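Written below as structure tokens is the structure these notes are about.
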Amino acid sequence: MNQLSPSTVPAHVAIIMDGNGRWANARGLPRAMGHRKGVEAVREAVKTAAECGVSYLTLFAFSSENWSRPESEVSDLMGLLKAFIRRDLAVLHKQNVRIRIIGDKTNLSGDILPLLLEAEETTRANTGITLIIAFNYGARDEIARAARKLAAEVAAGRLDASAITSERIGAALDTAGIPDPDLVIRTSGEERLSNFLLWQAAYAELMFIPEFWPDFSRDTFVAALSRYAMRERRFGGLQPATTLAVGS
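Under this note's numbering, the sequence shown has 139 at position 78, and the numbering climbs by one with no breaks.
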């Protein structure tokens, strides 16, 4: 495995886990098998991120648009999420992983919301990598909810409209207190953000890789981190040319 220089490892990596269904179709398997294999990739990604020194890992688990998928597929995805939390929560807690959930938590039915809240509360005091699960999440919805929150403050006279800055908007988002992602990875070869962290990814490095999510291995992740290390981030400004080295 490539050895990464700690100084070039991104503090926050966000991943759009795409291609479970196509992975299964390519093998003549039911789509559900792709989702199950994808859960194994999640476990490997969390472990790899922690070992490489990534402080925050955000995974796009279920978008607010995914509810429009066939009911059987949605049911299977919900079942996998519940099984992952029930089976893996104790292990993640023991590994000092802190879990945080972003997305619209209102109107979540059944036992999904209690499980999500339990995962957050159980791991709240942990000090290792923070695993952020984007569930029932859409960036436009997130921004709209933040705008409504700030508008209510203005209407109540607790906030002056002129005091609404980009920093205040950021503090009203689901990711308040979490640094913006340095690197956004999307698997399966698709090259779009699909309503994921649109505000937060303003200056993130984007990386689109051909592998379907179930094939996202430790080596794939480390290779992506190595490619990131060779990029020069300028945040809209100009900087002297620098060399970012990856140890061998």
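Note that the Cβ used here is the ideal one computed from N, Cα and C, for glycine as well.
Here the structure is a predicted model, which is why all the values come from computation and not from measurement.
Boundaries for THR119: no alpha helix (DSSP H) harbours it, while the beta strand (DSSP E) harbouring it runs 117-124, taken from the DSSP string.
Per the Cβ contact rule, the segment 188-203 is in contact with the segment 149-169 (3 or more Cβ pairs under 8 Å). Here GLU272 carries a coil assignment [DSSP, helix/strand/coil].
Taken through DSSP and simplified to helix, strand or coil, VAL245 comes out as strand. Spanning the alpha carbons of ASP221 and ARG253 requires a straight line of approximately 36 Å. For the alpha helix (DSSP H) assignment, the uninterrupted runs of no fewer than 4 residues enclosed by the segment 67-92 are, from N- to C-terminal side, 81-87.
Rounded to whole angstroms, LEU138 and THR226 show a C-alpha spacing of 38 Å.
Segment contact: the segment 124-141 against the segment 206-216, fewer than three CB-CB distances shorter than 8 Å; contact not assigned.
Straight-line measurement puts the Cα of ALA75 at about 12 Å from the Cα of ILE239.
The criterion of a C-beta distance shorter than 8 Å is satisfied by VAL70 and VAL115. Judged by their CB atoms, PHE121 and PHE257 are nearer to each other than the 8 Å cut-off.
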